[in-house]
Each structure stands twice: as structure tokens, then as C-alpha cells.
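Below you'll find the structure, written out as C-alpha cells, and then a few comments.
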Amino acid sequence: MASSRPGAGPAGTGPPVGSALTELALVARRRRPTQPKDRALSRPPLPRGMTSFEGFRCADCGATATGEGATTCPDCNGALDATYDLDELVGGPPADRPGDLLPVAPVGMGEGETPLVEAPRLAEELDVGTLRLKDEGHNPTGSVLDRGMSLVAAAADDADADTLALATTGDAGQSAAAYAARAGLLSRVFVPSRANFINKAMINVHGGDMRVVEGRYGDARETYETEREELPAADAETWFPAGTLESPYRHEGFKPVYYETAAALGTAPDAVVVPVAHGGVVAAIWKAARELERLGVVDARPRVYAAQPDGCAPIVEAVEGGHDPEPWEVPDSTTRTPSTARRRSPSTRVWRSASPAASPSPPPGGSATTANSPPTTPSSSSTPAPATGTPTSSGAG
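Residue 12 is where the sequence shown starts when you use the working numbering, and the numbers rise one by one after that.
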């Protein structure tokens, strides 16, 4: 949810930069021709000059990794973040500016280009000029996670893995099963017994090998890690981790959410509010905003707000307290955030990288907040995003 700076024109009628933004959104989701092969769809490599991707850098120790299908840091097992040579693109014509800004070509299944829906009554209630919702429920399996999983499946294919594997509360498992099938891969999904029935049913529908573990997400995660550690070395190499922070591809795949939003508005929004679980989406949006500003496609970055249910809000607590997320002992939500994750949240890392003091503070003008919620929170299939008007502090909620 957000609003653009005062004086900006209506959505889609911005300055000439709109053409560059539109090109960026289109290139980011470009579908390349595919040809059948033994076990997966063939995706030609990105053509020379069409990507600025350089490699991966560890968010913890700074080590680099360049191999296909990189997952975590080879030195410290920390989370990896993709790096790009943006200098090649700065100042070029619109067609050359965007490149792909993704590490691999996605395994496409119609994800992306979701509608940006104006919500005037909600804008009035929140006392903001204009507000739009980025409706991610239009993706193939009904959530923003499809964007990330399209890259995870592609990376797994490039690495000659056979199986996407993860522990999940449900939505990511459904997405992983669908995109694994699309790429000709298998999927192994560990879900807690309390996971949504529809999610479990759809994992089966998409052909996933589902393991239902009694208890909460932490129990499913522990079972997943134990089974993975007990695999023979040869078999372990055939599993490609698809969970949050287990590879850089998943959160890189969320960046087009912001590219599309900025393209639709013809400018950078004033503010973006993101419902947050592990933090991958909000991290990607902040990174994408920095990329567009660095490229000169837009002249500013939005304020970015992370929202979590007050029943499980480790990222909000970390931002407010100025420290890394800590375990949330009794999460009162179906969304298990870094409470059980072994690695720090990518959103905290992204904000730290933007802070000269290298502290886990939010980006300039941004924040994190909690909201009252019932024990079962809805799927984050709708990512609020901004439009024209003058925002007020109440728009941050």
C-alpha cells in the first residue's frame, strides 16, 4: 500500500521514464522459447548483453559464489544475495537499462503482471490520497511465492538437481510442487499437521511428495533438516533447497513486484507496505527500489513498511529494538517467521546494507509495525502497493 509524491500525474501518465519502467517489467518476466528434454523444460541461457548478473555475495561474511545453482555461502553457510553490474546499464537507452536483473531465466507459468487495484474507500479510511493493492492472488497458485519459485525451479534445473525440497506452512509447498512439475522435477514437501487443508490437497494435486509432520512449522522444519542430513551424499546432491534463505533465487524472484508497480505508476511510489513472514518479499522490494534509483529510471526510493501479525512479529521487534530477529517462543499464527529459522531475516540484512552504521534499522523513512490478528492469518496473496496522492502517517499501518 502506498502513495506517490504530491504533484505526480495519474498512474500510467508519468514522465518519459515510464517507457523504461515498462520495458523493465516486461524483460523481468520474459518467457523464452522452450524445447522438451529428458526431464525438464529447456531454457536457453540469457543472451550476452541482456543481463548484468555477476554472481552472489554472502550477506554475513562477504564471500562470493559464482557457481550455477548456488544455495548458501560456501564459507559460513550464510544467506547469499545476487549482485549485478549496474554501471553497464546506467545512462543507456530504455531497452538496454533493465537487462534482466535476475540471476536466471525463470521457469514461466504465467506468474507476474498482477493487477494494481485502486482502493478508494480504504484510502479514505487510512487518510491517504490514493492507495492501490498489488493483487498477487492472480499468480498460478494464488500467491506471490510463485514469482520466487519460478527462479528456484530454474536454478535447480541448471544445477542438475532432481528434487525441490522444503519445509513450509503450505503456500510455498503448493508453489514448489507446481513449479517443480513445470520444470520436470520432483518435489519433497514437509508440512505441519495444522497446515491448511487446501494447501495440502494442492501439493498432492501438483504431484508433490508430501510429508505431514505432527505439530507446528518448527517440527516440520526439524524433520526436513534431519532427513536431508541423513541422505547419502550422492542423493543429497539431487535435492535443491527451496525454502526461504536456503538459496538466493527465491527472494530475487520477488523483485518484479516493485518493477511492475513503478512501471504502472510511471514513477516511484511514496510508500510501500508489505505483509511480512520471513521477510523475503520486503527485502526484494527494497533491493529493487535501490536498483531502479541507481539506474536512473526513477529519482527516489519509497518508504518501505513491514507489517507482521502481533502474534508472531520477530522482525518488527528486531527493527524496534535495533537487533537481529530472535526466536518467537510461541507463534500465534500459521505463518512461522524467523522464529524457527537458523539464518537471519533477509529484510534485516537489506536494511542493514542501506545503513551506514550497519545496524538493523529500517530504510530511511521506513518502519515495521504489528497488527492485531486472529490465530490463523490469511495467505499473503495480496501485497499492498502505492499510487498517487499525499500519504499520512496513518498510511503506514
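All residues carry an ideal CB built from backbone N, CA and C; glycine is no exception.
Since residue i and residue j are thought to touch, with beta carbons under 8 Å apart, how far apart are those beta carbons, to the nearest angstrom?
i: Arg199; j: Ala170; result: About 16 Å; that fails the 8 Å criterion.
i: Phe67; j: Asp92; result: 7 Å
i: Glu302; j: Ala311; result: Glu302 to Ala311, Cβ: 13 Å. No contact.
i: Ala165; j: Pro117; result: 6 Å
When you compare only the Cα positions, how much space is there between residue i and residue j?
i: Cys323; j: Pro286; result: 12 Å
i: Ala253; j: Tyr260; result: 9 Å
i: His334; j: Gly73; result: 20 Å
i: Ala212; j: Ser186; result: 12 Å
i: Cys69; j: Leu133; result: 40 Å
i: Ala76; j: Asp138; result: 46 Å
i: Ala317; j: His149; result: 22 Å
i: Gly78; j: Ala247; result: 17 Å
i: Glu136; j: Pro126; result: 22 Å
i: Ala231; j: Phe208; result: 16 Å
i: Glu233; j: Glu337; result: 18 Å
i: Ile326; j: Thr249; result: 33 Å
i: Ser384; j: Thr174; result: The predicted position of Ser384 is uncertain, since its pLDDT is 42 and thus under 50; a value taken from the coordinates is nonetheless stated next. If you take the alpha carbons of Ser384 and Thr174, they lie about 35 Å apart.
i: Glu236; j: Val224; result: 13 Å
i: Gly332; j: Val216; result: 43 Å
i: Asp321; j: Pro85; result: 36 Å
i: Phe251; j: Val315; result: 31 Å
i: Ala329; j: Gln319; result: 12 Å
i: Leu197; j: Ala191; result: 6 Å
i: Asp96; j: Glu124; result: 25 Å
i: Val163; j: Asp98; result: 26 Å
i: Arg239; j: Ala294; result: 27 Å
Quick one: residues in its chain with C-beta nearer than 6 Å to the C-beta of residue i, no 5 flanking neighbours on either side, listed in chain order?
i: Cys87; result: Asp71, Cys72
i: Ala206; result: Thr180, Gly181
i: Met120; result: Pro151, Arg193
i: Ile214; result: Gly184, Gln185, Ala188, Val200, Met221
Just tell me which of the options has its CA closest to the CA of residue i.
i: Val292; options: Glu263, Gly277, Pro313; result: Glu263
i: Lys266; options: Thr62, Ala76, Leu112; result: Leu112
i: Trp339; options: Ser161, His289, Ala294, Pro313; result: His289
i: Ser204; options: Trp297, Thr180, Arg314; result: Thr180
i: Gly89; options: Thr255, Val315, Ala247; result: Thr255
i: Thr94; options: Pro114, Gly78, Gly159, Gly80; result: Pro114
i: Gly80; options: Ala172, Tyr235, Val315, Glu271; result: Ala172
i: Gly226; options: Glu236, Val202, Glu271, Val216; result: Val202
Once the 5 residues before and after residue i are set aside, which same chain residues still bring their CB inside 8 Å of it?
i: Glu257; result: Thr82, Thr83, Leu177
Excluding the five sequence neighbours on either side, which residues of its own chain have a C-beta within less than 7 Å of the C-beta of residue i, listed in chain order?
i: Asp182; result: Ser154, Leu156, Asn210, Ser390
i: Val309; result: Val28, Ala273, Thr278, Ala279, Leu303
i: Val128; result: Arg143, Leu144, Asp146
i: Tyr269; result: Ile296, Ala299, Ala300
i: Pro313; result: Ala13, Ala279, Pro280, Asp281, Ala282, Val283, Ala300, Pro397
i: Glu122; result: Asn150, Pro151, Asp157, Arg158, Ser161
Determine contact between the segment 137 to 144 and the segment 217 to 236, defined as no fewer than three beta-carbon pairs at a distance below 8 Å. Touching, no.
Counting pairs of beta carbons, one from the segment 233 to 249 and one from the segment 269 to 280, are three or more of them closer than 8 Å? No, they do not touch.
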